[in-house]
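Participant:
Number of protein chains: 2
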Amino acid sequence: MKSMSSTIHQHLPLQSNSCRSTRKNSGIFAVAVEPHHNLMQNGAVRLAQKLSNLVHHHLETPIPNQVQYTDWSLLHKANEVIPVSSPKENVSTKWREIHGAMDYDNLLDPLHPWLRREIIKYGEFAQSTYDAFDFDSFSEYCGSCRYNRHNYFDKLGLGNTGYNVSKYFYAMSHVDVPQWLERSHLVDTWSKDSNWMGFIAVSDDQESQRIGRRDIVVSWRGTVAPSEWYEDLQRKLMPVGDGEVKVEYGFHHIYKSKGEFTRYNKTSASEQVMQELKRLVNLYRSKGEEVSLTITGHSLGGALALLNAHEAAVSIPDLPINVISFGAPRVGNVAFRDELHHLGVKTLRVVVKQDFVPRMPGVVLNESLKIFEELTGELDWIYTHVGAELRLCLNSSPYLKHGFNPAGFHHLETYLHLIDGYKSSKSTFRQNANRDIALVNKACGMLREELRIPECWYQFEHKGLVRNSHGRWVKPRRDLEDIPHNEESMPCFA
Amino acid sequence: MKSMSSTIHQHLPLQSNSCRSTRKNSGIFAVAVEPHHNLMQNGAVRLAQKLSNLVHHHLETPIPNQVQYTDWSLLHKANEVIPVSSPKENVSTKWREIHGAMDYDNLLDPLHPWLRREIIKYGEFAQSTYDAFDFDSFSEYCGSCRYNRHNYFDKLGLGNTGYNVSKYFYAMSHVDVPQWLERSHLVDTWSKDSNWMGFIAVSDDQESQRIGRRDIVVSWRGTVAPSEWYEDLQRKLMPVGDGEVKVEYGFHHIYKSKGEFTRYNKTSASEQVMQELKRLVNLYRSKGEEVSLTITGHSLGGALALLNAHEAAVSIPDLPINVISFGAPRVGNVAFRDELHHLGVKTLRVVVKQDFVPRMPGVVLNESLKIFEELTGELDWIYTHVGAELRLCLNSSPYLKHGFNPAGFHHLETYLHLIDGYKSSKSTFRQNANRDIALVNKACGMLREELRIPECWYQFEHKGLVRNSHGRWVKPRRDLEDIPHNEESMPCFA
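Chains A and B, in that order, give the protein sequences. Residue numbering for the first sequence follows our numbering, starting at 193 and increasing by one per position. Residue numbering for the second sequence follows our numbering, starting at 193 and increasing by one per position.
Following this line, the structure appears as structure tokens:
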């Protein structure tokens, strides 16, 4: 066991080990966000360089230490006419490495551009589950997806991703997971027990050609503010199967719960996903195609992705499985980690150094006992992370505010922005990072004021109220096609 | 002087005197909102009756004490198909009384239905100045009106009011009034010094016929959260003219400040309004028409309305002037009040009992010295209210939450809802009050959850950001016609 653990540690990129030592003594709220003056000056220089590139001039004179307000203003205007995405390369020759087959050796530091684009693609699938989710507790569809699966990507501005959604899945939980289930205040609702938890999508022919195989994606929705989990969940591990493998109690229940008298969880999320995965894998294998499975999720979604990967690896032999998680908490014990490794599940955990969610649950236990772990080897009751880590730092971006903002640090859009700008553990923010910076502020206020992007701007007009012909403000019915259906009675894609 | 004061006090409706005694010892945050169980039971009965009326049934059986959730649900659906306004009566025979000529004798308790409708009409003019105001500090037009005066009422859903906007006016202040001026974060803005402060509108021929005269309205914008004034402004009175008349320093400066090098306040708000008023009065008098002036405003806007009325009464002889203010603070001393009375300015102050803004400034002074005032008569340095009072109580509405919410108590939409339901100081909420209840929650969360109206729902989609053809989220240019112009170079209406 010991040797296996050290093998896995070798897959971690170098910078993560150096960072790890700084984490040892920090409490959950003691994340230090010191003003890094040198970094900031670099930020100003990089920004001016970027500005210079944008307006097709080259800087000859030294940059003043302080960025002038008008520079930001110019940058903003120059940015507006630059496309947010560039043409996609054919990555088919290298797909197995990008999918983690070599445990990301030589791909993370510096970050390979092909891998960066793929990480962002899956990250945007994960982000879309937040953007599509109906959080409105006065809606009879609270907790569902606002759109049907056929127009899902179009409605969310992801129409050109080259994937089609094949199935939605739903989850419930028999145990009380704090602040997890979004529930309508109304009596007559689409479902009292379940929440929409994500989708399964499949690459179309063109995208499959570009990425070298038929790619099946499972995207698990997370939660936005999971801080309440910490207290309740940190000490509850439960066994999976007959062996030593144990995972966190709350995650397991969301993944596995079902109820005979529910409308959307007569089968569990696990069963819904696994049934569709088996169907799809059989379908494309029967056509002689190479098939891969990529499972993604942010926060809670990243934890569920790992449980899903474990089950898929056990149930579907010889399927290349890759988990790409963002800001995910720890899920299971060391035996769980080792079994995932045995099963060949390849995991890339994207982590922002200042985000405290990846330290949950078990943060106190693990941080304080790390010294014992080094002495004693694995303790099977300790939660542990699995796989390779891509470690990001908020200070690398010149666009982000300094200041303690734990929700902002954890937001997936913050992650995606930092990935887009990440070149290597030693270099500054990528100059030709063209992903729209405004997205960072969709649900937080992390962007510097000079960029003029309003905080928390992702909102619906009048919260969905419209004025009817009688002059009254009412909530219109949802379009029939976007009312949640019971998937079991619906025809499936492909 | 003493007799005059008592004359004015006689104009106060009866219930205000009884309420006044309860206010004597309450500090600014000591507003008591006790659960009035009897009131609430009445509320439940009234609600059930209203529901019964709505669905064209009559109640035969006694109403249970507790309103069932499903009743609210039914109410909500029944409400949706009822127009928010009924046909307007011709009130021309009674216009002088409605305009305050008889100091509202016999019109307030019970509230005359014609007066109720007129109060709400002016209140909606005042409310529109909030709805139209650009609060976005990242907009280059922050502090202006979002729409031009020609489409103003249409854009704000007030197209059928029968008035046309003739002029916008702007204000600045040479003294620092806390949280007053809304300023853009940007360098290049429509104005660095001024804010749009409201509009002057004139009744069209049809409305003039209905209300018995050509009515000129000045609607002053207020502020939403003026709690910071209290500390700074409570002790600063300054003289107006040569006599004893004194008014609050901050209000006076907003009303009178101008600057040679500004774009919108080369003349003060006072000068802009007075110039247009004189022009309009001369225009319609020269046509032999009867003309009236009605000045309205909420909060700060109500205070400025009073200053405006004072100046108009001094400058334009024989013009019937009426101020209808909502939740306005005290403005001046007793000599100011007496002079307004001498000048024939008729004032109706609408006040919600639980709102503390009408006790500002000078709340401490006045509340604690009330006993001295009764002994010594007027002290000219004490702020005092003027005119008649329409006193409302939050507990009268079965739709509102109980609980301390000072911002919600002060919101103009809360006022308008309570006016719509007010019959008399002794009766319950009006059953056929059809003004849309949802409006209450535009900028607060005062409505009971059972009504299913989201809190603070008045918001723009994505805070005005739209996705451009390059995939970037940007703030589009404002329509050319809605970019603020310098009124002096613009042709005026009529």
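For each residue, glycine too, the CB sits at the ideal point set by N, CA and C.
Are the C-beta of residue 662(B) and some C-beta of chain A separated by less than 8 Å?
Facilitator: Indexing the second sequence from 1 puts residue 662(B) at position 470. True, the Cβ-Cβ gap to chain A drops below 8 Å.
Participant: Leaving out five residues on either side along the sequence, give the residues of the same chain with a beta carbon under 6 Å from the beta carbon of residue 612(A).
Facilitator: Locating residue 612(A) in the first sequence gives position 420, counting from the first residue. Same-chain partners within the cutoff: 625, 627.
Participant: What residues of chain A sit near residue 650(B), judged by a beta carbon separation below 8 Å?
Facilitator: Here residue 650(B) refers to the residue found at position 458 of the second sequence. Ordered by position in chain A, the residues that pass the 8 Å Cβ test against residue 650(B) are 654.
Participant: Name the residue from 406(B), 331(B), 313(B) whose alpha carbon lies nearest to the alpha carbon of residue 641(A).
Facilitator: Residue numbering aside, residue 641(A) sits at position 449 when the first sequence is read from its first letter. Comparing Cα positions, the closest option is 331(B).
Participant: Using the rule of at least 16 other Cβ atoms within 10 Å of the residue's Cβ for burial, across every protein chain shown, is residue 406(A) buried or exposed?
Facilitator: For the purposes of this step, residue 406(A) is taken as the residue at position 214 of the first sequence. So residue 406(A) counts as buried.
Participant: Could you name the residues of the same chain whose beta carbon sits closer than 7 Å to that of residue 496(B), not counting the 5 residues immediately before and after it, in chain order?
Facilitator: Counted from its first residue, the second sequence places residue 496(B) at position 304. Same-chain partners within the cutoff: 412, 443, 446, 447, 489.
Participant: Apart from the five residues on each side of it in sequence, which residues of its chain come closer than 6 Å, Cβ to Cβ, to residue 378(B)?
Facilitator: For the purposes of this step, residue 378(B) is taken as the residue at position 186 of the second sequence. Result list for residue 378(B): 332, in chain order.
Participant: Got a sec: which bits of the segment 267-282 of chain B sit with their beta carbon under 9 Å from any beta carbon on chain A, in order along the chain?
Facilitator: 268, 271, 272, 273, 274, 275, 276, 277
Participant: What's the gap between the Cα of residue 296(A) and the Cα of residue 622(A)?
Facilitator: Counted from its first residue, the first sequence places residue 296(A) at position 104. Counted from its first residue, the first sequence places residue 622(A) at position 430. If you take the alpha carbons of residue 296(A) and residue 622(A), they lie about 21 Å apart.
Participant: Please name the residues in the segment 363-380 of chain A whose beta-carbon is closer than 9 Å to at least one beta-carbon of chain B, in chain order.
Facilitator: 377, 378, 379, 380
Participant: Could you please give me the residues that DSSP links to residue 490(A) through a beta bridge?
Facilitator: In the first sequence, residue 490(A) corresponds to position 298, counting from 1. Note: residue 490(A) sits in a beta bridge opposite 518(A).
Participant: Using a threshold of 8 Å, state whether the C-beta atoms of residue 498(A) and residue 526(A) are closer than that.
Facilitator: The residue you call residue 498(A) lines up with position 306 of the first sequence. The residue you call residue 526(A) lines up with position 334 of the first sequence. The answer is no: Cβ separation not under 8 Å.
Participant: Could you check the C-alpha separation between residue 475(A) and residue 388(A) for me, to the nearest Å?
Facilitator: The sequence position of residue 475(A) within the first sequence is 283, counting from 1. The sequence position of residue 388(A) within the first sequence is 196, counting from 1. Each residue's alpha carbon lies about 25 Å from the other.
Participant: Is any beta-carbon of chain B found at less than 8 Å from that of residue 659(A)?
Facilitator: For the purposes of this step, residue 659(A) is taken as residue 467 along the first sequence, with counting starting at 1. Interface residue, yes.
Participant: Applying the 10 Å Cβ sphere with the 16-neighbour rule, what's the burial state of residue 342(B)?
Facilitator: Walking along the second sequence from the start, residue 342(B) turns up at place 150. Residue 342(B) is exposed by the Cβ-count criterion.
Participant: From the DSSP secondary-structure annotation, give me the bridge partner or partners of residue 360(A).
Facilitator: Position 168 of the first sequence, counted from the first residue, corresponds to residue 360(A). As a beta-bridge residue in DSSP terms, residue 360(A) pairs with 391(A).
Participant: Starting from the beta carbon of residue 671(A), find every residue of chain B whose beta carbon is closer than 7 Å, and list them in chain order.
Facilitator: Start at 1 with the first residue of the first sequence, and residue 671(A) comes out as number 479. Those do not exist, as residue 671(A) stays about 17 Å from chain B at its closest Cβ, beyond 7 Å.
Participant: Determine the closest residue to residue 270(A) out of 629(A), 472(A), 646(A), 675(A), with distance taken between C-alpha atoms.
Facilitator: Position 78 of the first sequence, counted from the first residue, corresponds to residue 270(A). Nearest C-alpha to residue 270(A): 629(A).
Participant: When the cut-off is 8 Å and only beta carbons count, does residue 324(A) lie next to chain B?
Facilitator: As a first step, residue 324(A) must be located in the first sequence, where it is residue number 132. No, residue 324(A) does not count as interfacial toward chain B.
Participant: So which residues of chain B does residue 328(A) contact, with C-beta pairs closer than 8 Å?
Facilitator: Residue 328(A) sits at position 136 when you count from the first residue of the first sequence. Neighbours of residue 328(A) on chain B, chain order: 646.
Participant: Would DSSP call residue 580(B) helix, strand or coil?
Facilitator: For the purposes of this step, residue 580(B) is taken as the residue at position 388 of the second sequence. Residue 580(B) carries a strand assignment under DSSP once its states are collapsed to helix, strand and coil.
Participant: Where does residue 397(A) land, buried or exposed, given buried means 16+ other C-beta within 10 angstroms?
Facilitator: On the first sequence, residue 397(A) is found 205 positions in, with the first residue counted as 1. Exposed.
Participant: Anything in the segment 626-647 of chain B with a Cβ closer than 8 Å to a Cβ of chain A? List those residues in chain order, please.
Facilitator: 628, 630, 631, 641, 644, 645, 646
Participant: Using the three-state DSSP reduction, which class does residue 647(A) fall into: helix, strand or coil?
Facilitator: Locating residue 647(A) in the first sequence gives position 455, where the first residue counts as 1. It is coil, neither helix nor strand.
Participant: Tell me whether the beta-carbon of residue 168(B) lies closer than 8 Å to the beta-carbon of residue 519(B).
Facilitator: A query on residue 168(B) cannot be resolved here, the shown segment of chain B reaching from 193 to 686 and no further.
Participant: Exposed or buried, residue 638(B), counting other C-beta atoms within 10 Å across all chains shown (16 or more means buried)?
Facilitator: Within the second sequence, the letter at position 446 stands for residue 638(B). Buried: at least 16 other Cβ atoms inside 10 Å.
Participant: Label residue 346(A) either buried or exposed according to how many other C-beta atoms from any shown protein chain fall within 10 Å of its C-beta, with 16 as the threshold for buried.
Facilitator: As a working mapping, residue 346(A) is identified with position 154 in the first sequence. Looking at its Cβ environment, which holds fewer than 16 other Cβ atoms inside 10 Å, residue 346(A) is exposed.
Participant: Nearest chain B C-beta to residue 382(A) closer than 8 Å, yes or no?
Facilitator: If you number the first sequence from 1, residue 382(A) lands on position 190. Cβ-Cβ to chain B under 8 Å: no for residue 382(A).
Participant: I'd like to know whether the C-beta of residue 409(A) is nearer than 8 Å to at least one C-beta of chain B.
Facilitator: Numbered from its first residue, the first sequence carries residue 409(A) at position 217. Answer no: the Cβ-Cβ gap between residue 409(A) and chain B never drops below 8 Å.
Participant: Using a Cβ-Cβ cut-off of 8 Å, state whether residue 666(B) counts as contacting chain A.
Facilitator: Along the second sequence, one-based indexing puts residue 666(B) at 474. So, interface residue.
Participant: Is the Cβ-Cβ distance between residue 542(A) and residue 486(A) less than 8 Å?
Facilitator: What you label residue 542(A) is simply residue 350 of the first sequence in a count that begins at 1. What you label residue 486(A) is simply residue 294 of the first sequence in a count that begins at 1. No, they are not a contact pair.
Participant: Grab me the residues of residue 402(A)'s own chain with a C-beta within less than 7 Å of its C-beta, minus the 5 sequence neighbours each way, in chain order.
Facilitator: The residue given as residue 402(A) occupies position 210 in the first sequence. Closer than 7 Å at Cβ, skipping near neighbours: 280, 282, 283, 284.
Participant: Show which residues of chain A have a CB atom less than 9 Å away from the CB atom of residue 349(B).
Facilitator: Translated into the one-based positions of the second sequence, residue 349(B) becomes position 157. The contacting residues are 659, 663.
Participant: Is the beta carbon of residue 597(A) sitting closer than 8 Å to the one on residue 636(A)?
Facilitator: Mapped onto the first sequence, residue 597(A) falls at position 405. Mapped onto the first sequence, residue 636(A) falls at position 444. Yes, they are a contact pair.
Participant: If you compare alpha carbons, which of 338(B), 431(B), 544(B), 329(B) is closest to residue 600(B)?
Facilitator: Counted from its first residue, the second sequence places residue 600(B) at position 408. Of the candidates 338(B), 431(B), 544(B), 329(B), the one whose C-alpha sits nearest the C-alpha of residue 600(B) is 544(B).
Participant: Go ahead and pull the three-state DSSP assignment for residue 657(B).
Facilitator: Residue 657(B) sits at position 465 when you count from the first residue of the second sequence. Residue 657(B) falls in the coil class under three-state DSSP.
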